[in-house]
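Read through the structure below, which is laid out as structure tokens, and then see the notes.
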Amino acid sequence: MASAGLRQELDCSICLTTYTDPVNLRCGHNFWQVCIDCVLDTQEGSGGYSCPQCREEFQDWPVLHRNITLRNIVETFRSSQLEEGKTGIFCAYCIHSPVPAVKSCLMCEASLCDNHLGVHSKAPEHVLTDPTTTMENRKCSIHRELLKYYCTEDSACICVSCSLAGEHRGHKMETLDKASEKKKQKLRNVLQKLMTEREETEKRVQSLQERPRKVQEKSAGLTEKVTALFIELRRQLEDLEKRVLRNISSQEERISLSDLIHQLEIKKEDLSRKMEDIEELCNMTDPLTILQGSDTGDLCDTEEGDDEDRERHDRLLHDGGDLDVAGISHTLYTGLSDMIKGVNVFFYI
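Just so you know, the sequence shown maps onto residues 935 to 1283 in this note's numbering.
Listed below in structure tokens is the structure:
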């Protein structure tokens, strides 16, 4: 362990704490850089600078050199101090400087370093343990003796006097080591169960953590399928619209009256001509001319043709004069039903 003199050499003479970032002046004295900077700041404007330890003067702001070697020594010292005194318990007999304890005597209620442990009594009643500050808790509060047994009936640590007299007399007892080992075994069993439960919990947590990723992947795939489905539905709707419009156009063509109107116009002109011929005969006074004129049967032979034209006229007006709305509606309904079935099949796959 580092001596008290070495400890002092590693302390800054300004703040009296161990160096963190040591620098030195031209005179060779070392300081913590923050400390020497503060001192030089206070000297600024006084006409010069000086070392706070030897008072050597400098006309300009002195150049500070980082002391790498000293810094490494300090780091090594800090590491050794941390390792040696990690328990925070020091020897009770080292009064000049703190020395980490390596053992504690329950009988003497004192902690000892290696040197004092070598001369300590080896008698059985001097029980040594790892360094501890709770030695009072290891003694019976009634008899002030070391606790050596464990009463299994009362679940209490007892001393020899407690086992021979008092409320624990006649109870089943075990040595502390044996009772401690049994408790350790129970704790190991509990620990194993807890470890198993923790592993299961970790798996559940991992599963839940992976769930958003899986949902996102599934959502992305479903979005792609739905987009494709609606593209196909739009295409089918366009095809259905074209079919319905073609159906309407076809029916419009089928119920065209232009031919019939043309024929009736011709017939109307023929009737007008015959009427003129008959009126002319009726206006004649010469019997011979009337009798030698066109045959009356030829002029009046229109009933058969009239019947055919009238029948065709009525059929167009009553049977074919309107669009087949029911047929168009059926086509539209069937097409939409097929598309809806396709959507339902898609979502139940």
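Ideal Cβ positions, reconstructed from N, Cα and C, are used throughout, including at glycine.
Could you tell me whether any non-hydrogen atom of the ligand SAH is closer than 7 Å to the CB of Leu1081?
Absence of the ligand SAH is noted for the structure shown, with no ligands found whatsoever.
DSSP beta-bridge partners for Thr1063?
Looking at the DSSP output, Thr1063 bridges to Ser1038.
For the alpha helix (DSSP H) holding Pro996, just list the boundary residues, first then last.
Where Pro996 is concerned, there is no enclosing alpha helix (DSSP H), given that its DSSP letter is neither H nor E.
Bridge partners for Glu1108 per DSSP, in chain order?
The partner list for Glu1108 (beta bridge, DSSP) reads Tyr1084.
If I follow the unbroken beta strand (DSSP E) through Ser1045, where does it start and stop?
Per DSSP, Ser1045 belongs to the beta strand (DSSP E) from Ala1044 to Leu1046.
By a C-beta neighbour count over all protein chains shown, 10 Å radius and 16 as the cutoff for buried, is Asn1001 buried or exposed?
It counts as buried.
Does the stretch 1138-1146 come close enough to the stretch 1115-1129 to have 3 or more Cβ pairs within less than 8 Å?
With the cut-off at 8 Å, the stretch 1138-1146 and the stretch 1115-1129 do not touch.
With 16 as the cutoff for other CB atoms within 10 Å, does Asn964 come out buried or exposed?
Asn964 comes out buried.
Are there 16 or more other CB atoms within 10 angstroms of the CB of His1196, so buried, or fewer, so exposed?
Classified as exposed, His1196 has fewer than 16 neighbouring CB atoms from the shown chains inside 10 Å of its CB.
Going by DSSP in three states, Pro956 sits in which element: helix, strand or coil?
When secondary structure is reduced to three states using DSSP, Pro956 falls in the strand class.
Cβ contact check for the stretch 1049-1069 and the stretch 1029-1041: 3 or more pairs under 8 Å
The stretch 1049-1069 vs the stretch 1029-1041: in contact.
Buried or exposed for Ala1154, going by 16 or more other Cβ atoms inside 10 Å?
Of the residues assessed, Ala1154 falls on the exposed side of the cut-off, its CB having fewer than 16 other CB atoms within 10 angstroms.
Nearest to Cys1028 by CA position, among Lys1037, Val1036 and Cys1047, is which residue?
Of Lys1037, Val1036 and Cys1047, the residue nearest in Cα terms is Cys1047.
Where Ala1057 falls: helix, strand or coil (DSSP)
In the three-state scheme derived from DSSP, where H, G and I count as helix and E and B as strand, Ala1057 is classed as coil.
What distance in whole Å lies between the Cβ atoms of Ile970 and Val957, which are believed to be in contact at a cut-off of 8 Å?
Approximately 6 Å separates the beta-carbon atoms of Val957 and Ile970; this is inside 8 Å, confirming the contact.
Relative to the C-alpha of His1102, which candidate in Glu1087, Ile1023, Leu1171 and Gln993 has its C-alpha closest?
Scanning Glu1087, Ile1023, Leu1171 and Gln993 for the CA closest to the CA of His1102 turns up Glu1087.
Taking the CB atoms as reference points, tell me whether Leu944 and Phe1011 lie closer together than 8 Å.
Yes.
So Glu991 and Ser980 are in contact, right, with Cβ under 8 Å, and what is the actual spacing, rounded?
Taking a contact as a CB-CB distance under 8 Å, the pair Glu991 and Ser980 does not count as one, their CB atoms being some 11 Å apart.
Can you name, in chain order, every residue of its own chain whose Cβ lies under 7 Å from the Cβ of Ile1200, other than the five neighbours on each side?
Taken in chain order, the list of residues that qualify is empty.
So which of Ala1026, Asp1064, Asp1272 and Ala1162 has the shortest CA-CA distance to Val1036?
Among Ala1026, Asp1064, Asp1272 and Ala1162, the Cα nearest to that of Val1036 belongs to Asp1064.
If you draw a straight line from the C-alpha of Glu1018 to the C-alpha of Lys1073, how long is it?
Reliability fails at Glu1018, whose pLDDT of 49 lies under 50, so the model's placement of it is uncertain and the value that follows must be treated cautiously. About 28 Å.
Where does His1050 land, buried or exposed, given buried means 16+ other C-beta within 10 angstroms?
For His1050, the number of other beta carbons within 10 angstroms of its own is at least 16, and it is reported as buried.
With which residues is Cys1091 paired in a DSSP beta bridge?
Paired residue(s): Tyr1084.
Hey, could you find the ends of the beta strand (DSSP E) Phe1024 is sitting in?
Phe1024: not part of any beta strand (DSSP E); DSSP gives it neither H nor E.
Candidates Gly1052, Gly1104, Tyr953 and Leu959, of which the one nearest Ile1007 by Cα
Ranked by how close their Cα comes to the Cα of Ile1007, the residues Gly1052, Gly1104, Tyr953 and Leu959 have Tyr953 in first place.
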